[in-house]
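Novice: Protein chains in written order, with the numbering used here: chain A, 13 to 445; chain B, 36 to 116.
Note that CB positions come from ideal geometry on N, CA and C, so glycine has one too.
Before anything else, here's the structure in question.
See the structure below:
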């Protein structure tokens with residue numbers, strides 16, 4: 013509307029501010045590019061913004077991050093992004109939420125399910141590949157960004173499983189090589205080291221690709237409403253690489269790779285069912301709720317989450333020093349080297365002699381799972397808050413069910429939850445036995 | 036085996052190559068890196084300049100429909116954030 017605070021951008025032909033006011037974007041990563049994307053989202057008036065990162069600010073972040081200052085060193089990046097956005101957002105009642113989390117293991121798919129577009133500003137291949145898979149499962153467009161010195165890359169994929177994802181831009185061998193380094197490591201410290209690099213980056217490339225990411229997001233929002241508007245073509249399936257040396261943007265148009273295993277959607281199985289369940293519920297409470305709702309021939313499965321990353325539950329293992337059987341009872345991605353030593357070898361400070369190994373558990377049922385595990389919460393067995401869990405039937409003719417742990421929404425997305433008047437009518441209380 | 040002439044374009048520079056049609060794209064890139072034209076990398080992306088169609092690196096030039104005289108743009112996607 014003319015005369016509003018966003019008057020100037022509303023003068024762009026075809027531009028509809030309402031589409032931005034009502035849109036929600038999830039910004040994955042709060043580094044250089046994440047800062048720029050978040051700033052542009054707030055200044056264009058995108059109504060719902062979510063920020064996630066697992067890191068805290070260090071002084072080397074400061075030259076590239078518009079939302080951080082010297083006083084913020086040591087503080088949570090995602091929290092600071094949210095604080096900065098609340099100050100600068102041009103909208104009247106934006107929903108700005110954040111969490112500190114490892115995106116691959118601690119960010120629930122159900123959370124992303126409440127956003128329209130995923131914008132990927134991470135710094136490693138494993139997380140990009142993980143998000144490529146999740147975006148197809150959820151049917152959400154994903155804008156992937158990357159920087160390298162003065163150059164930048166952007167790849168926009170639609171949520172359509174018939175079209176390319178980020179993994180389709182790689183060969184099968186390249187994808188497997190990128191994932192196997194973390195998949196085969198039973199040591200969380202090693203996995204984190206694999207993902208931590210000191211890349212060459214500068215604010216100028218982050219600014220450029222951060223601007224383009226919101227440009228693409230705006231195009232996606234308009235394209236959804238009016239697919240025939242050429243000016244708002246999101247250019248899905250195009251990777252664009254800017255090379256500063258010759259000031260050129262080169263486009264690479266991808267088709268779905270026939271060997272890519274990411275092209276499955278929850279919609280193929282009847283969609284996601286919102287539930288009052290939470291990751292704070294025990295395995296037993298969850299299975300009993302499922303039994304009441306759907307009958308008694310279902311079990312909880314971690315298999316879909318293990319497709320690319322180590323999400324299994326480890327029950328027992330052999331001490332990597334003396335070979336003695338030991339209890340582990342932890343999610344695979346949390347296991348550290350010390351967890352694979354028996355008490356005596358750990359106290360003696362003994363070194364590992366054998367490769368790490370463990371009994372991996374994927375399925376949990378009321379009849380077939382021991383009480384110790386049934387009494388653990390979903391979070392204890394590695395399921396993140398606000399995740400989408402898979403419930404499979406012992407009757408193989410039945411499709412699996414995908415249940416969203418919507419009971420976690422008030423805790424993780426308090427502002428979005430508060431602003432959604434429809435959601436406020438539903439009571440998401442912890443399910444008790 | 037029939038050979039074709041292709042031009043690799045990277046970072047504002049171009050280099051012409053004569054190579055067999057049954058060479059994979061990956062092999063062409065590897066040879067180019069060995070000769071010092073391309074930087075060493077594990078994740079090149081390649082597209083036909085005319086159509087912007089991305090090539091499948093594990094397939095041959097012929098399988099990718101690369102014609103004699105074609106210019107191929109080569110890029111290395113940035114990964115930092």
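If we cut at 9 angstroms on Cβ distances, does residue 95/B have a partner in chain A?
Specialist: Sequence index remark: in the second chain, residue 95/B carries index 60 (1-based). No, residue 95/B does not count as interfacial toward chain A.
Novice: In whole angstroms, what is the alpha-carbon distance linking residue 165/A and residue 89/B?
Specialist: Translated into positions along the first chain, residue 165/A becomes position 153. Translated into positions along the second chain, residue 89/B becomes position 54. Their backbone Cα atoms lie some 15 angstroms apart in a straight line.
Novice: Would residue 258/A count as contacting chain B if we go by Cβ distances under 9 angstroms?
Specialist: If you number the first chain from 1, residue 258/A lands on position 246. For residue 258/A, the answer is yes, since a Cβ of chain B falls inside 9 angstroms of its Cβ.
Novice: Going by DSSP, name the residue or residues bridged to residue 11/A.
Specialist: Lying outside 13 to 445, the shown extent of chain A, residue 11/A is not represented and no answer is given.
Novice: Residue 114/B touches chain A at which residues, Cβ-Cβ below 9 angstroms?
Specialist: Translated into positions along the second chain, residue 114/B becomes position 79. Residues of chain A passing the Cβ test: 134, 135, 136, 137, 140, 158, 159, 160, 165, 209, 211.
Novice: Run through chain A and tell me which residues come within less than 9 angstroms of residue 57/B, C-beta to C-beta.
Specialist: Within the second chain, the letter at position 22 stands for residue 57/B. The premise fails here: residue 57/B is roughly 18 angstroms from chain A at the closest Cβ pair, so nothing lies under 9 angstroms.
Novice: Starting from residue 305/A, trace the alpha helix (DSSP H) both ways and give me its first and last residue.
Specialist: Here residue 305/A refers to the residue found at position 293 when the first chain is read from its first residue. 295–306 is the extent of the alpha helix (DSSP H) around residue 305/A.
Novice: Determine which residues share a DSSP beta bridge with residue 42/B and list them.
Specialist: Here residue 42/B refers to the residue found at position 7 when the second chain is read from its first residue. Answer by DSSP bridge pairing, in chain order: 51/B, 106/B.
Novice: When the Cα atoms are used, what is the spatial distance from residue 395/A to residue 75/A?
Specialist: Position 383 of the first chain, counting from 1, holds the residue named residue 395/A. Position 63 of the first chain, counting from 1, holds the residue named residue 75/A. Cα-Cα distance, rounded: 36 angstroms.
Novice: Which chain B residues are close to residue 253/A, counting only those with a beta carbon under 9 angstroms from its beta carbon?
Specialist: In the first chain, counting from the first residue as 1, residue 253/A sits at position 241. 80, 108, 110, 111, 112, 113, listed in chain order.
Novice: Under a CB-based cut-off of 9 angstroms, is residue 113/A close to chain B?
Specialist: For the purposes of this step, residue 113/A is taken as the residue at position 101 of the first chain. Chain B, which has no Cβ nearer than 9 angstroms to the Cβ of residue 113/A, makes this no.
Novice: For a quick check, are the C-beta atoms of residue 124/A and residue 150/A less than 9 angstroms apart?
Specialist: As a position in the first chain, residue 124/A is number 112, starting the count at 1. As a position in the first chain, residue 150/A is number 138, starting the count at 1. Contact: yes.
Novice: Determine, using beta carbons only, whether residue 23/A comes closer than 9 angstroms to chain B.
Specialist: Residue mapping note: residue 23/A aligns to position 11 of the first chain, counting from 1. So, not an interface residue.
Novice: Which residue comes first and which comes last in the alpha helix (DSSP H) that contains residue 358/A?
Specialist: Here residue 358/A refers to the residue found at position 346 of the first chain. 355–360 is the extent of the alpha helix (DSSP H) around residue 358/A.
Novice: State the DSSP-derived secondary structure class of residue 134/A, mapped to helix, strand or coil.
Specialist: Taking the first chain and counting its residues from 1, one reaches residue 134/A at position 122. Reduced to three states, the DSSP call for residue 134/A is coil.
Novice: Kindly say whether residue 168/A, judged by its beta-carbon, lies nearer than 9 angstroms to any beta-carbon of chain B.
Specialist: Counted from its first residue, the first chain places residue 168/A at position 156. Answer no: the Cβ-Cβ gap between residue 168/A and chain B never drops below 9 angstroms.
Novice: Name the two residues that bound the continuous beta strand (DSSP E) containing residue 109/A.
Specialist: Indexing the first chain from 1 puts residue 109/A at position 97. From DSSP, the beta strand (DSSP E) with residue 109/A extends over 107–112.
Novice: Specify, as a first and last residue, the run of the alpha helix (DSSP H) that residue 90/A falls within.
Specialist: Position 78 of the first chain holds residue 90/A. First-last of the alpha helix (DSSP H) with residue 90/A: 89–100.
Novice: Is residue 41/B near the ligand FAD, in the sense that its beta carbon is under 8 angstroms from a heavy atom of that ligand?
Specialist: Only the bare structure without any ligand can be found here, which leaves the ligand FAD out of the picture.
Novice: Buried or exposed for residue 315/A, please, with buried defined as at least 16 other CB atoms from any protein chain shown within 10 angstroms of its CB.
Specialist: Taking the first residue of the first chain as position 1, residue 315/A is located at position 303. Residue 315/A should be labelled exposed.
Novice: Looking only at C-alpha atoms, which of 311/A, 420/A, 432/A, 116/A sits nearest to residue 404/A?
Specialist: On the first chain, position 392 is the one that residue 404/A refers to. Closest option to residue 404/A, Cα to Cα, is 311/A.
Novice: Taking its Cβ as the centre, do 16 or more other Cβ atoms sit within 10 Å of residue 434/A, making it buried, or is it exposed?
Specialist: Counting from 1 along the first chain, the entry for residue 434/A is found at position 422. For residue 434/A, the pLDDT reaches just 49, beneath the cut-off of 50, and the residue's location in the model is therefore unreliable, leaving the point undetermined.
Novice: Contact defined as beta carbons within less than 8 angstroms: I believe residue 69/B pairs with residue 92/B. What is the distance between those atoms, to the nearest angstrom?
Specialist: Along the second chain, one-based indexing puts residue 69/B at 34. Along the second chain, one-based indexing puts residue 92/B at 57. Not really, about 16 angstroms apart at Cβ, beyond 8 angstroms.
Novice: Among the residues of its own chain, which have a CB less than 8 angstroms from the CB of residue 142/A, if the five just before and after it don't count?
Specialist: Against the first chain, residue 142/A aligns to sequence position 130. If we look at residue 142/A and ignore the five residues flanking it on each side, its Cβ neighbours are 115, 116, 320, 321.
Novice: Is it buried or exposed, residue 438/A, if we count other Cβ atoms within 10 angstroms and call 16 or more buried?
Specialist: The residue given as residue 438/A occupies position 426 in the first chain. Low per-residue confidence applies at residue 438/A: pLDDT is 47, beneath 50, and the placement is therefore not dependable, though the value from the model is reported in the following sentence. Exposed.
Novice: Specify whether the segment 66–84 of chain A and the segment 15–29 of chain A touch according to this definition: at least 3 beta carbon pairs, one from each stretch, less than 8 angstroms apart.
Specialist: Contact between the segment 66–84 of chain A and the segment 15–29 of chain A is absent, because fewer than three Cβ pairs lie under 8 angstroms.
Novice: What three-state label does DSSP hand residue 417/A in the structure shown?
Specialist: The residue labelled residue 417/A in the question sits at position 405 within the first chain. In the structure shown, residue 417/A sits in a strand (DSSP, three-state: E or B).
Novice: Keeping to the same chain, check which residues put their C-beta closer than 6 angstroms to that of residue 198/A; ignore five residues upstream and five downstream.
Specialist: Stepping through the first chain from its first residue, residue 198/A is reached at position 186. Note that residue 198/A scores 48 on pLDDT, short of 50, meaning its location in the model is unreliable and no value can be drawn from it.
Novice: Might you give, ordered along the chain, the residues of its own chain that have their beta carbon closer than 8 angstroms to the beta carbon of residue 241/A, omitting 5 neighbours on each side?
Specialist: Start at 1 with the first residue of the first chain, and residue 241/A comes out as number 229. The residues are 26, 234, 235.
Novice: Less than 9 angstroms between the C-beta atoms of residue 156/A and residue 144/A, yes or no?
Specialist: In the first chain, residue 156/A corresponds to position 144, counting from 1. In the first chain, residue 144/A corresponds to position 132, counting from 1. For residue 156/A and residue 144/A, yes; Cβs fall inside 9 angstroms.
Novice: For the 8 angstroms Cβ check, are there 3 or more pairs between the segment 88–108 of chain A and the segment 368–377 of chain A?
Specialist: Segments in contact, no.
Novice: Please state the DSSP three-state secondary structure of residue 17/A.
Specialist: Here the question's residue 17/A lines up with position 5 in the first chain. Coil, per DSSP.
Novice: Quick check on residue 17/A: buried or exposed, where buried means 16 or more other Cβ atoms within 10 Å of its Cβ?
Specialist: In the first chain, counting from the first residue as 1, residue 17/A sits at position 5. Label assigned to residue 17/A: exposed.
Novice: Among the candidates 86/A, 417/A, 105/A, 128/A, whose CA atom is the shortest distance from the CA of residue 36/A?
Specialist: Here residue 36/A is taken as the residue at index 24 of the first chain, counted from 1. Residue 128/A is the option with its Cα nearest to residue 36/A.
Novice: Under the assumption that residue 408/A contacts residue 222/A (Cβ atoms under 8 angstroms), give the Cβ distance between them as a whole number of angstroms.
Specialist: For the purposes of this step, residue 408/A is identified with residue 396 of the first chain, where counting begins at 1. For the purposes of this step, residue 222/A is identified with residue 210 of the first chain, where counting begins at 1. The pair is not a contact, with the Cβ atoms about 47 angstroms apart (cut-off 8 angstroms).
Novice: Distance, Cα to Cα, residue 289/A vs residue 296/A?
Specialist: Residue 289/A sits at position 277 when you count from the first residue of the first chain. Residue 296/A sits at position 284 when you count from the first residue of the first chain. Cα to Cα, residue 289/A sits roughly 12 angstroms from residue 296/A.
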